[in-house]
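Read top to bottom, the protein sequences are chains A and B. Numbers given in this note's numbering equal positions in the first sequence, counted from 1, plus 66. Numbers given in this note's numbering equal positions in the second sequence, counted from 1, plus 66. Note that beta-carbon positions come from the ideal geometry of N, C-alpha and C, so glycine has one too. Please read all numbers here as calculations on a predicted model, not as lab measurements. Here the structure comes first, spelled out in structure tokens, and everything after it is commentary.
Protein chains: 2
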Amino acid sequence: MTTPADIPPTTPTDPSSAAPTPAADPSPPAKGTPSGLSRRGLLGLLGVSATAGFVGGVASVAAAVPRSDSPSVAESYEFYGKNQAGIVTPAQDRLFFASYDMLPTATREDLIELLQDWTFAASRLTQGLDVSETGAVGGSPLLPPDDTGEALGLPASGLTLTFGLGPTLFTAADGTDRYGIADRQPTELRELPLFAFDILEEAQSGGDLCIQACANDPQVALHAIRNLSRIAFGRAHIRWSQLGFGRTSSTSTAQATPRNLFGFKDGTANIMAEDHAAVTRSVWADASGDRGWMAGGTYLVTRKIHMTIETWDRARLEEQENIFGRDKGEGAPLSGTKEFDSPNFDAVRSDGGPAIPVNSHVHLAHPNNNKGAQILRRGYNYVDGNNGLGQLNAGLFFISFQRSPEQFIRIQKKLATDALNEYIRHVGSALFAVPPGCASGGYIGEGLFT
Amino acid sequence: MTTPADIPPTTPTDPSSAAPTPAADPSPPAKGTPSGLSRRGLLGLLGVSATAGFVGGVASVAAAVPRSDSPSVAESYEFYGKNQAGIVTPAQDRLFFASYDMLPTATREDLIELLQDWTFAASRLTQGLDVSETGAVGGSPLLPPDDTGEALGLPASGLTLTFGLGPTLFTAADGTDRYGIADRQPTELRELPLFAFDILEEAQSGGDLCIQACANDPQVALHAIRNLSRIAFGRAHIRWSQLGFGRTSSTSTAQATPRNLFGFKDGTANIMAEDHAAVTRSVWADASGDRGWMAGGTYLVTRKIHMTIETWDRARLEEQENIFGRDKGEGAPLSGTKEFDSPNFDAVRSDGGPAIPVNSHVHLAHPNNNKGAQILRRGYNYVDGNNGLGQLNAGLFFISFQRSPEQFIRIQKKLATDALNEYIRHVGSALFAVPPGCASGGYIGEGLFT
Chain A
67 MTTPADIPPT
77 TPTDPSSAAP
87 TPAADPSPPA
97 KGTPSGLSRR
107 GLLGLLGVSA
117 TAGFVGGVAS
127 VAAAVPRSDS
137 PSVAESYEFY
147 GKNQAGIVTP
157 AQDRLFFASY
167 DMLPTATRED
177 LIELLQDWTF
187 AASRLTQGLD
197 VSETGAVGGS
207 PLLPPDDTGE
217 ALGLPASGLT
227 LTFGLGPTLF
237 TAADGTDRYG
247 IADRQPTELR
257 ELPLFAFDIL
267 EEAQSGGDLC
277 IQACANDPQV
287 ALHAIRNLSR
297 IAFGRAHIRW
307 SQLGFGRTSS
317 TSTAQATPRN
327 LFGFKDGTAN
337 IMAEDHAAVT
347 RSVWADASGD
357 RGWMAGGTYL
367 VTRKIHMTIE
377 TWDRARLEEQ
387 ENIFGRDKGE
397 GAPLSGTKEF
407 DSPNFDAVRS
417 DGGPAIPVNS
427 HVHLAHPNNN
437 KGAQILRRGY
447 NYVDGNNGLG
457 QLNAGLFFIS
467 FQRSPEQFIR
477 IQKKLATDAL
487 NEYIRHVGSA
497 LFAVPPGCAS
507 GGYIGEGLFT
Chain B
67 MTTPADIPPT
77 TPTDPSSAAP
87 TPAADPSPPA
97 KGTPSGLSRR
107 GLLGLLGVSA
117 TAGFVGGVAS
127 VAAAVPRSDS
137 PSVAESYEFY
147 GKNQAGIVTP
157 AQDRLFFASY
167 DMLPTATRED
177 LIELLQDWTF
187 AASRLTQGLD
197 VSETGAVGGS
207 PLLPPDDTGE
217 ALGLPASGLT
227 LTFGLGPTLF
237 TAADGTDRYG
247 IADRQPTELR
257 ELPLFAFDIL
267 EEAQSGGDLC
277 IQACANDPQV
287 ALHAIRNLSR
297 IAFGRAHIRW
307 SQLGFGRTSS
317 TSTAQATPRN
327 LFGFKDGTAN
337 IMAEDHAAVT
347 RSVWADASGD
357 RGWMAGGTYL
367 VTRKIHMTIE
377 TWDRARLEEQ
387 ENIFGRDKGE
397 GAPLSGTKEF
407 DSPNFDAVRS
417 DGGPAIPVNS
427 HVHLAHPNNN
437 KGAQILRRGY
447 NYVDGNNGLG
457 QLNAGLFFIS
467 FQRSPEQFIR
477 IQKKLATDAL
487 NEYIRHVGSA
497 LFAVPPGCAS
507 GGYIGEGLFT
């Protein structure tokens, strides 16, 4: 009963073994991955203390079958690579983002092992596999299952998992070098400055580590964050998290431009994956500008932006369009007629004023008005229920990737005079260094510890 | 700029006219619908006071084009009909549920007009249309747009909107008959009794009115609730709301059984739309058992059930399966081998005990053990971020439809000894009477006022 017909029985082995037998089936991520979950990671999943005996453990045989009968290739992204996935990957529809704090007792070795465990688990989850080879139902009936099981039967659904490291991981708030990596901290990786209209909540900001889970099925994104959080048990715990239901930017020319909760197309002028020159110029960090371990990495900014949608909905169409500098239907700059027309900031209206107001969002955010600064936006709409006044707690969970936080800072400072500020409040903020990708057998962030 | 090429210019007319010219295009919901939005409903959308002058208003010509170029038939459901949609409709993937309270100043006429306005708007929204004929961009640039616009370009996405009436709408908490309908209140429509393990929060319970928005795109569900809430301005406001991201029950034999956040298949033995006998017997109210105006209606129960998933994830597989009475992989009752095997409560294990424990969920909830009581479940998984302890605020937003609340009450009382109670807390509860559907030209709840 506990072993369904389609999953072969498993043989209990010693889970402390660092090199489980490769799976017998053709699932790519398990092959060639020398490390499984650490003993600590397994303890997190199993929920037993470090001294408890084991009945079952990591299976050595082919429980590693993909969850779905027919996940199409388009639905899964390779985890290993030069850069982490989930950055220039065409933005998936749904997000679950989690920020973590290390526990006070965690050591440098704990941190390394956590990153190794997360890498191993992510290489499986992104392929539509359970978090370990025994998975949700393949282990012993006398143990908690390794995998929580709510994604059993669901395909990979385009899941990507992107890991980041916060400034406090390098230098704690009290200045201590907890993990012996303070000298590797990039100079740009400092808490963001306070911006105009920031009303930041501590409980929605910062963090030692982060995971961005993007997928086309929210249950798959939740399943990943939930199981990665279990693995972190005893080493790190969730500080804050955010569910996003609708992407607000395209990151590929193959995608239609989505709309934000103000009803406007968003991200028309975003950096697209197909624009290799812009990606190279503005997204990937290199060894010269950063510490060597960040070459092929990037910097991740999150901003939780509450939108006072009930107030916005009372603004007249003309005002809304002047604030964005684009028309609402087509999304064209007010100097043109089509969405992808380049904005002409010299164009004038019949009354002699600028067609695109100087305090409009498109004017202030445009690279031409920010010394060329460009960022890759990858945000999501969110709704966190409603407040006691019957208003929706809704807005934009802004995410951007850039070669240096300075690009974001320059643009955000410029937005101090943005007419849009009347209708938004920044309530959360965080900055993370996103290490480069790793090869099979390596782990995310390994360059920090070598 | 404010009138994109694909939407013809509109002619401002007097919005207080009760019968706008039918749309010239072939969109079915606009045709044959004699009523548009009331003046009050338009004021809610436009955000101007009742005495303010109008510049634009309801357009008389063909702005009522479907939002998407090619919404397939399967993606939209007819709003008008004998029963409301969203009940036996195959459960869509996403939910946004909102409960409303009437404002203290609202009159009987306000309530009637609100139901008429909601009916008119719902007949459009479910077809992938904007909330009014002028919509998001077709009105005057000097007015706020009627529609908030975030669903522009999105198809109907299977949207259904289901309206319900709470006990307090008929008889206020202080016993007053605010709307002259107290004598129409069904005897069964009373606040649910307190059940074992209820830890109800007032802010997540009850309500005078409700709208269940289900769709395959969460942005479409949000757009509907948001615009219906705007229309309610000055008459009703949101009391509580809930976003659900993954359906936890099938309501059609064509659907695969989904999994809840405990990782188990849920709703295997649910009432399916194809089982007409069960639907007739257990879902639709008739005139004899209820007030006449409820014939073809049903009763809607919502229960917000917090799941202590971190604790559950530490329970061994055997315990998890004994609690549900089903195995985790296949979802078969512990007396059988396949998901749809009928549970055999007389089957015994090798040790002589019952194969399906007597305090298991499947045993206690089964119709055979509840004098035949069956309900149509249509719930959703939810995650409301995390708490300060790093645990996810996650669970099941339970929804059921039944001919009488007594069916739910009988089963829920039986579940007092459910072994699952160790891992769940009921934190929200509500009961609504769901009136029958209406014909084009009528409105939801009309039987109450005639």
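Between the region 266-274 of chain A and the region 436-454 of chain A, the count of C-beta pairs closer than 8 Å stays below three; the two stretches do not touch. Below the 8 Å Cβ cutoff, chain B contributes no neighbours of A:Gly272, its closest Cβ being approximately 14 Å away. Short of 6 Å from the beta carbon of A:His289, and not among the five residues preceding or following it, lie these beta carbons of its own chain, in chain order: Glu216, Ala217.
Listed in chain order, the non-local C-beta contacts of B:Val286 below 6 Å within the same chain comprise Ala217, Leu220, Ser223, Leu225, local neighbours out to five positions each way being set aside. Neighbours of B:Gly312 across chain A, judged by C-beta separation under 9 Å: Glu216, Asp283, Pro284, Gln285, Leu288. Per DSSP, the unbroken alpha helix (DSSP H) holding A:Phe186 starts and ends at 174-191.
The C-beta separation of A:Thr374 from A:Tyr509 comes to about 43 Å, leaving the pair out of contact by the 8 Å criterion. Short of 7 Å from the beta carbon of B:Asp407, and not among the five residues preceding or following it, lie these beta carbons of its own chain, in chain order: Ala398, Pro399. The Cβ-Cβ distance between A:Gln468 and A:Thr314 does not fall below 9 Å. Against chain B, the CB of A:Asp213 has a partner CB under 9 Å away; the residue lies at that interface. Contact between the region 294-302 of chain B and the region 235-245 of chain B is absent: fewer than three C-beta pairs spanning the two stretches fall below 8 Å. Within chain A, the residues Pro210 have their CB atoms less than 7 Å from the CB of B:Ala381, given in chain order. With a threshold of 16 other beta carbon atoms within 10 Å, B:Gly418 falls short and is exposed. Between B:Leu255 and B:Leu497, the C-beta spacing is below 9 Å. Against chain B, the beta carbon of A:Val493 has no neighbour under 7 Å; the closest one sits roughly 13 Å away.
Taking 9 Å as the cut-off, the beta carbon of B:Thr214 is found closer than this to the beta carbon of A:Asp379. In the DSSP assignment, A:Gln440 falls outside any beta strand (DSSP E) and carries neither an H nor an E. With fewer than three CB-CB distances shorter than 8 Å, the region 456-464 of chain A does not count as touching the region 226-234 of chain A.
Within chain B, the residues placing a beta-carbon under 8 Å from that of A:Ile304 are Asn452, Gly456, Gln457, Leu458, ordered along the chain. Between A:Leu309 and A:Asn336, the alpha-carbon positions lie close to 22 Å from each other. Close CB contacts of A:Ser104 within its chain, under the 6 Å cut and outside five residues either way in sequence, are with Glu179, Asp183 (chain order). Within chain A, the residues Gly329, Lys394, Gly395 have their CB atoms less than 8 Å from the CB of B:Ala202, given in chain order. In the structure shown, B:Trp359 adopts helical secondary structure according to DSSP, grouped into three states. Counting every other CB atom within 10 Å of its CB across the protein chains shown gives B:Leu208 a total below 16, marking it as exposed. Membership of B:Asn410 in any beta strand (DSSP E) is not indicated, and neither H nor E is assigned to it by DSSP. For the pair A:Gly102 and A:Phe186, the Cα-to-Cα distance works out to about 6 Å. Identification of chain A residues near B:Val449 by a Cβ-Cβ cut-off of 7 Å yields Leu288, Leu309, ordered along the chain. Among the residues of the region 421-438 of chain A, none has a Cβ less than 7 Å away from any Cβ of chain B. In terms of Cα proximity to A:Gly445, the closest of A:Thr317, A:Pro170, A:Trp350, A:Asp196 is A:Thr317.
Boundaries of the beta strand (DSSP E) harbouring B:Phe498: 490-500, taken from the DSSP string. DSSP places B:Trp306 in the strand class (E or B) of the three-state scheme. A:Ser295 sits in a helix when the DSSP states are folded into three classes. In the DSSP assignment, A:Asn447 falls outside any alpha helix (DSSP H) and within the unbroken beta strand (DSSP E) covering 446-452. A direct Cα-Cα distance of roughly 50 Å separates A:Glu257 from B:Thr155. The CB of B:Asn326 comes closer than 9 Å to the CB of Glu216 in chain A, given here in chain order. Secondary structure note for A:His372: its beta strand (DSSP E) is the uninterrupted segment 364-373.
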